[in-house]
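Structure, as structure tokens:
Number of protein chains: 2
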Amino acid sequence: MKKITIGEAARQSGVKVPTIRYYESIGLLAEPERSEGNQRSYEQSHLHRLAFIRHARELGFEIDAIRTLLTLQDDPHQSCASADAIAKARLIEVEQRIRSLTALKAELEMMVKGCGHGRVDQCRVIEVLADHGECMHPQH
Amino acid sequence: MKKITIGEAARQSGVKVPTIRYYESIGLLAEPERSEGNQRSYEQSHLHRLAFIRHARELGFEIDAIRTLLTLQDDPHQSCASADAIAKARLIEVEQRIRSLTALKAELEMMVKGCGHGRVDQCRVIEVLADHGECMHPQH
DNA sequence: TCTTGCACCTCTAGTCGCTAGAGGATGTAG
DNA sequence: CTACATCCTCTAGCGACTAGAGGTGCAAGA
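One line per chain: the protein sequences are F and B, in this order. Going by my numbering, the first residue of the first sequence is number 8, and it counts up by one from there. Going by my numbering, the first residue of the second sequence is number 8, and it counts up by one from there.
As structure tokens, then:
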């Protein structure tokens, strides 16, 4: 068993050093052994954990959701209904976010296209912002 | 000139009372007159400002970008190149965000569809999170 | 062996854009 | 005159980190 330093763990997992310490401080990652000089010394299991966390964060899961997913992973005989529910909830969030961003994109495109690159008083960008009535999506 | 209280301003602008005070504190909204009893008393100009800010926030512009846009609006003879640049930058951000969310959506759909609703050890949700190699988009 | 220099340690405070709550003053309707 | 809503200021909290200060550990070269 070669010891894995926090820097090495960061390199292998793609999670930054301070973030690893932060995850430990909030109880998301188990405290590793320490070297004689008080430096953290990780096992492979920690690296798996970090990879899991990182992937989940990239998918936009919140820390609390990840906490739940991790406890589920630790008890493989449990029903995966909760995991399923968490993922479904996240999926709905993502779909909603995409819809709203798509509307914003359309509005921004109008603004940018309408900009005559002249003076501010003829600028669609400023104008649309100032007068929401001109906006394509007054419901927002 | 009837006086507009902060509550009334909040109702008309759709910006919450504490948020209005917050905008004032960071210098985004000019300090209004005060009543004898030290209560804020707004003018129409403040309401226009608030509407502008709110719309810009809904479009996802950052406070600093809004600060710039507001100073541009105050000087209508200036070139609107900066406004154009800010809006374009925001558009690019939004497009990027939509692309990445669309990828996440696909991955989440795979996870949810693959979940057999049984035990955790057969669950795609947990499995995909744990093993990034199974992920559709290993580049993220 | 000494020293250089990077990586590590803890701790606090800052980021963004609000939001919540305490504790008190003001304004208005009945 | 008394409720009661609304207002005031101030501080602290949110999530998920990130930055920096001030100090220690450790491996490699001279």
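Ideal Cβ positions, reconstructed from N, Cα and C, are used throughout, including at glycine. The structure displayed is predicted, hence computed values, not measured ones.
Between I73(B) and L35(B), the gap from beta carbon to beta carbon is short of 9 Å. Q80(B) counts as buried, since at least 16 other C-beta atoms from the protein chains shown sit within 10 angstroms of its C-beta.
Cβ proximity to chain B below 8 Å picks out nothing from the stretch 38 to 53 of chain F. Residue pairing by DSSP places E40(B) opposite S48(B) in a beta bridge. For the 9 Å CB-CB criterion, A17(B) and H53(B) do not form a contact.
For the 9 Å CB-CB criterion, R47(F) and T75(F) do not form a contact. At a C-beta separation below 7 Å, K95(F) has these neighbours in chain B: V119. In the structure shown, I60(F) adopts helical secondary structure according to DSSP, grouped into three states. Here I11(B) is bridged, per DSSP, to Y49(B). DSSP places L35(F) outside any alpha helix (DSSP H), giving it a letter other than H or E.
Contact between the stretch 94 to 113 of chain B and the stretch 103 to 123 of chain F is established, with three or more Cβ pairs separated by less than 8 Å. A check of alpha carbon separations from D138(B) across G67(F), V132(F), D82(F) and F59(F) identifies F59(F) as the nearest. Annotated as proximal: I93(F) and V132(B), with beta-carbon spacing under 9 Å. Around the C-beta of S20(F), 16 or more other C-beta atoms lie within 10 Å, and the residue is accordingly described as buried. Taking C-beta separations shorter than 6 Å and ignoring five residues to either side along the sequence, the partners of C130(F) in its chain run C122, following chain order. In this chain, the alpha helix (DSSP H) harbouring S107(B) covers A88 to G121. Closer than 7 Å at the C-beta level to chain F, one finds these residues of the stretch 59 to 79 of chain B: F59, H62, A63, E65, L66, G67, L76 and L79. Residues of the stretch 81 to 95 of chain B that bring their beta carbon within less than 8 Å of a beta carbon in chain F comprise D82, P83, H84, Q85, S86, C87, A88, A90, D91, I93, A94 and K95, in sequence order. Rounded to whole angstroms, the separation of the alpha carbons of T78(F) and S107(B) is 28 Å. Our two residues, Q85(F) and V127(B), have alpha carbons roughly 6 Å apart in a direct line. For the pair S89(F) and L111(B), the Cα-to-Cα distance works out to about 20 Å.
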